[in-house]
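What follows is a short report on a single structure.
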Amino acid sequence: MAQPAGPPAGYPSHNGAGQQPYSNGPVANQLMHPSDGQGYSPSVPGSYSHQTPAKVPPHQSSGQYNYSGSQNVSQLNNYQGPGQTLNRPPVAPFSGSPVQQTGPVPQVLLPALQNSAAVSSAGSFPPGASPPVLSNWQYSQTPGSQPVGSQTSHLAHVTGTGSAQPPSSLSGNTNPPGNYQYAASPGGPPLQNSYMKPGSAPPPVTQPLTPLHPPSRPPLGPPPVGGPPLIRPSTLIAGPPNTQSLLNSAANREGDATSAASDGSVVQNSYDAIEGGGLMATPHPSPAPPNLKMNRSVGYSYPTLPPGYQNTSPPGAPGMQASALQYPDGSKHFHQPALGTNHLTAAMGGLSLQQEGLRPVNLLQERNILPTTLLKAPVPNLHEDIQKLNCNPELFRCTLTNIPQTQALLNKAKLPLGLLLHPFKDLSQLPVVTSSTIVRCRSCRTYINPFVSFLDQRRWKCNLCYRVNDVPEEFMYNPVTRVYGEPHKRPEVQNATIEFMAPSEYMLRPPQPPVYLFVFDVSHNAIETGYLNTVCQTLLDNLDLLPGNTRTKIGFITFDSTIHFYSLQEGLSQPQMLIVSDIEDVFIPMPENLLVNLNENKELIQDLLRTLPQMFTKSLETQSALGPALQAAFKLMSPTGGRISVFQTQLPSVGMGALKSREEPNQRATAKDIHLTPSTDFYKKLALDCSGQQVAVDLFLLSGQYSDLASLGCISRYSAGSVYYYQSYHHKHNPVQVEKLQKELKRYLTRKIGFEAVMRIRCTKGLSIHTFHGNFFVRSTDLLSLPNVNPDAGYAVQMSVEESLTDMQVVSFQSALLYTSSKGERRIRVHTMCLPVVTTLSDIYLGADVQAITGLLANMAVDRSVSATLSDARDALVNAVIDSLSAYRSSVLSIQQPGLMAPYSLRLFPLYVLALLKQKAFQTGTNTRLDERIFTMCQVKNQPLVYLMLMTHPSLYRVDNLTDEGALNINDRTIPQPPILQLSVEKLSRDGAYLMDAGSVMFLWIGKNCGQSFISQVLGVPNYGSVPQNMTHLPELETAESIRTIAFISWLREQRPFFPILYIVKDDSPLKSSFLQNMIEDRTESALSYYEFLLHIQQQVNK
Amino acid sequence: MESVVFIFSLIDCCALIFLSVYFIITLSDLECDYINARSCCSKLNKWVVPEVIGHAVVTVLMLISLHWFIFLLNLPVATWNIYRYIMVPSGNMGVFDPTEIHNRGQLKSHMKEAMIKLGFHLLCFFMYLYSINQQSTS
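See the structure below:
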């Protein structure tokens, strides 16, 4: 799979690609042993492509960075036999020192010391070399014993960390490179070694005071302590004195990136490259250097592997690897001076940076603000070493990457503070820890995470409540490196996303088996639509792929005005149907055999699925008793818990939970008095009952007429299910919907599932969560009850600053999801994110994450439209833009300029809000049906941010002239990268073909005069007129154009777990209106164009 | 006769005070995570109607017995109680809805409301007590 060192047997890889269990036991260690070197570096280049085949640019494509050495180094890692003992991180003077002392240790002390002195006296730059030097000094007690040329010689080493090291070299020459690890920038001038990690340059005097325990972590928080906080730590523009030009500093940075990415994984490289490469200066780069494409890959490249360990660790020390980069700074005592120095750098470099990040953009003048590549999340302004460990923004994202210190400051900024989570996302690599004790804070129960601080070897301080905890004995042993006494190098402390195998304390009852119950509507109306055929066939095809184990149970219920159960007792020749007609007081006709073991009764089940569609073809029953059927399903499931999948095609009309039609087509236009609230609390109550019994209900609504999704949706919303809606489903009249159902159902059936789950979101003392968005039931203040959790669900929370965060440099957030996997294991998935705290308004704007803000606002607007009215919600959205921009104008901008000024980070804010206003959920006008509107609202609440953004603001590409220029190369496939175009008809040309990617659907619009070559070479038809009306597939032709187009489309599809259907749209297609509706920048009958909207905002802002 | 009115009001007021205290205790239990939202809300919703009635009765009684000042004092609170009860959306499970109570600071506002009511009822309690004294002395 993705990793050379696959998961040891016994831990079935849950996520598809490899997970790596770590365990404390000796056995597990042995298992891990062969992979020690790689254990933390699963992303070896070769394997990498598996993980994110899509977005990973080839190594070379990130070309602007020099990767020299990283490859070598990674290979070197392989050499590192466990037997090699030189596991001393250059900066970790005390750990693993014995070998050092014995071995011939080259001493670089004197020159280095001099150098550091010189540099520091020059007062300009952190004397990078000093800590290692000092450590040498301490250890070897033979200062200067081995003169090591000049610094330059070491620097020449540069890549030397890797390349220069023969595998066999034990201690002899390992040290110097280790010492100069950070200097290892290709071609860097001598002084570059001064680019030591901030925090690493202690005044020599302090040396003797070094404590007797291994180094602690780099300082949390933005490096400048008490300095201008705006400054990004990585800015090196000021450079070392005299000699360093900008170029040099850039080179320096490259070096850093390289070193960070030392394991040779492209992912890491890209991550660091982005971080170090001045991206911070422009959080939203609008031009698209090829490597920016990597944002996705960054997403996937969850740093399982502490980045860049190889430079720091001399070969032969597997144990080191994990830690080396992480703790480059030497012991904690060294922090302060270093912080200061870095601060200095930052102070010098930061000025220009800040201006870049905060550069006001006149939205009325700058027409092309839309980046041509997908927008990526801003990188928090944290110390690089911390940031490397930070949680992947696709999993955990905050609207403000700089957290305001007080609520007053937050109020002033007029931006919402909140988190967007995608906690159960399918990950290609996920470290799994098996350990009998899970280390947690004793007072707030936070799981130990990379952002805690170790006071010494035996104590750690919680980063959420600041309580000092003991490190349990067991935690002292590191199963990855098999070294004792390095608790800070355990996987728990090296990974912001990690999964624990939970011991029995985390179970209220034995883990439940996977139980699936399908409830089908078989009234006349339902049979008319013909959905049962599709569903049964898809189910039949995927029966073996249902996630589960030998205990998996399955059952079926059908209903019209009565409820039908199916006994699948072993020994029966065919399934036996039991009809319950008493729908007022539903009972279960027989105690067992209604839910049966899937594996033992597979034939009977397949038999039932084959016959089911034919059984009701003559049914004339038009009533629908959905409420009683759900009650029956709940009763059947309540002993075990599990998943109920309900297929409904009309308004429930009899029994409990019967509903009346509330839609009045004439009133659609007024946006007033439309029924967005549920009409009864029956479904809500039932959902809460389900939630209590660990049952989730997923609703598939396939209906032509109004079915009151607002009421029905509650059943899924509060039981943590999901809602699917297929408007006007019909097997003959609407074949496109049939395909959509097939594809989505397949994903639904086969995707990962977690049962009886709860999720808790904790945050640093002082912050509090006050509102939750998503499908679940909030059981107590911070505990979300999720009977089922699926990888396609996203959640959002709003936060406030309760107590001011004075004296805190950083705050952390942790989400912990406890669930039972389909294999019957209890697991805990923990994500931790760390963000800096700032005190000024301009910093807040600098760190604003416009996509997250838009996502959170959309969630808030859904709430508002339900609790108040739709027009209130629309006003609130517009006001959000006006308020934040006028706050920016009045408080941050010193010079009042004409026009509509927005901070660079928020330049897309008006556009995205306009997109929200034009989205089905919030648009006005008569063309949205009520159910459709409510379904879109459900999606807003339940979708992860990435898909929500695509749904709101789709990407438009021109595809008739794809070239290989700037293309990605993945697995020998060439994937063209056309630029993203603005969503305006003016960008469309009649002689082109355009692809619009709206997340769950794609449109390929063919212009009337589209080039003949595209039509024949890609669509495979002779001319425009013969393009079929309902075409949803591109033929695979042997032409270059076809290969390119298909490669691009399938690349887009591979990035998401579901399968977006491609509609080919001509000028006369019925779908043309859906396509044009997404042209957000254009004017429509009831909505403003983008420019008009800007003018409106400007008017309000300048009031 | 007057004293009977006040003695009844006093008893009623005591009941309302107890009810307010019960609301506060239950809500703070929820805040501290001792009970879950579902049971908290079903407990509280049971007592919403008795509270409305209890308070409305005193208010009406004061109107009938022509104690204008006390009537006007009680009127806003009684109106608020009734308004709150009537305005519950159709899909909600009562004034206290378990799915909403943790959102948008509802728990806090419920708590604040219960506190204010407790204070108000205490005030009324002493007012009735004073009135009884007045009656008996005169």
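If you're matching them up, the sequences are chains A and B in order. If you count the first sequence from 1, position 507 lands on 507 in the UniProt record's numbering, and the numbers rise without skipping. If you count the second sequence from 1, position 54 lands on 54 in the UniProt record's numbering, and the numbers rise without skipping. Just so it is clear, CB atoms sit at the ideal spot from N, CA and C, and this is done for glycine as well. Owing to the predicted nature of the structure, the values given are computational and were not obtained by experimental measurement.
Alpha helix (DSSP H) segment containing residue i, residue limits
i, result
"Leu-745 (chain A)", "735 to 750"
"Glu-2 (chain B)", "2 to 31"
"Pro-50 (chain B)", "37 to 64"
"Asn-775 (chain A)", "That residue, Asn-775 (chain A), is in no alpha helix (DSSP H); it is neither H nor E in DSSP."
"Val-493 (chain A)", "491 to 494"
"Asp-883 (chain A)", "870 to 891"
Presumed contact (8 angstroms Cβ cut-off) between residue i and residue j, rounded CB distance
i, j, result
"Leu-410 (chain A)", "Leu-417 (chain A)", "6 angstroms"
"Ser-800 (chain A)", "His-770 (chain A)", "6 angstroms"
"Gly-794 (chain A)", "Leu-420 (chain A)", "7 angstroms"
"Leu-893 (chain A)", "Asn-402 (chain A)", "At roughly 18 angstroms, the Cβ-Cβ gap does not stay under 8 angstroms, so Leu-893 (chain A) and Asn-402 (chain A) are not in contact."
"Leu-122 (chain B)", "Glu-31 (chain B)", "Not a contact, Cβ separation roughly 22 angstroms."
"Ala-852 (chain A)", "Arg-864 (chain A)", "The pair is not a contact, with the Cβ atoms about 18 angstroms apart (cut-off 8 angstroms)."
"Gly-774 (chain A)", "Asn-942 (chain A)", "6 angstroms"
Three-way DSSP call (helix, strand, coil) for residue i in this model
i, result
"Glu-1085 (chain A)", "coil"
"Val-483 (chain A)", "strand"
"Asp-521 (chain A)", "strand"
"Ser-619 (chain A)", "coil"
"Asn-597 (chain A)", "strand"
"His-831 (chain A)", "strand"
"Phe-1075 (chain A)", "helix"
"Ala-1040 (chain A)", "helix"
"Tyr-795 (chain A)", "strand"
"Gln-134 (chain B)", "helix"
"Phe-587 (chain A)", "coil"
"Asn-411 (chain A)", "helix"
"Gly-657 (chain A)", "coil"
"Ser-1000 (chain A)", "coil"
"Arg-1053 (chain A)", "helix"
"Pro-613 (chain A)", "helix"
"Phe-126 (chain B)", "helix"
Opposing strand residues paired with residue i [DSSP bridges]
i, result
"His-383 (chain A)", "Answer by DSSP bridge pairing: none, since His-383 (chain A) is not bridged."
"Lys-461 (chain A)", "A:Ser-453, A:Val-468"
"Phe-922 (chain A)", "BP columns for Phe-922 (chain A) are empty, so no partner."
"Leu-962 (chain A)", "Looking at the DSSP assignment, Leu-962 (chain A) forms no beta bridge with any residue, so it has no partner."
"Cys-398 (chain A)", "A:Leu-419"
"Val-789 (chain A)", "A:Gly-754"
"Glu-499 (chain A)", "A:Val-432, A:Arg-829"
"Gln-727 (chain A)", "A:Ser-703"
Continuous beta strand (DSSP E) stretch holding residue i: start and end
i, result
"His-564 (chain A)", "563 to 567"
"Lys-553 (chain A)", "553 to 559"
"Arg-762 (chain A)", "754 to 763"
"Asn-362 (chain A)", "360 to 362"
"Pro-903 (chain A)", "901 to 903"
Chain C contact residues for residue i, given Cβ-Cβ distances below 8 angstroms
i, result
"Asp-33 (chain B)", "Among the protein chains of the structure shown, namely A and B, there is no chain C."
contact_flag[the stretch 881 to 899 of chain A, the stretch 918 to 932 of chain A] where n(CB pairs < 8 angstroms) is 3 or more: no
At least 3 beta-carbon pairs within less than 8 angstroms: the stretch 604 to 615 of chain A vs the stretch 564 to 582 of chain A: yes
Contact the stretch 702 to 712 of chain A vs the stretch 1007 to 1027 of chain A: 3+ CB pairs below 8 angstroms: no
Cβ contact check for the stretch 629 to 643 of chain A and the stretch 511 to 519 of chain A: 3 or more pairs under 8 angstroms: yes
Three-pair Cβ contact test at 8 angstroms for the stretch 529 to 543 of chain A versus the stretch 723 to 731 of chain A: yes
The stretch 60 to 72 of chain B in contact with the stretch 25 to 39 of chain B per 3-pair CB rule at 8 angstroms: no
Three-pair Cβ contact test at 8 angstroms for the stretch 681 to 701 of chain A versus the stretch 710 to 729 of chain A: yes
Segment contact, 8 angstroms Cβ cut-off, at least three pairs: the stretch 488 to 503 of chain A with the stretch 598 to 606 of chain A: no
Touching by the beta-carbon criterion (3+ pairs, under 8 angstroms), the stretch 462 to 472 of chain A and the stretch 441 to 452 of chain A: yes
Validate contact between the stretch 543 to 560 of chain A and the stretch 848 to 857 of chain A using beta carbons, cut 8 angstroms, 3 pairs: no
Contact the stretch 78 to 89 of chain B vs the stretch 45 to 55 of chain B: 3+ CB pairs below 8 angstroms: yes
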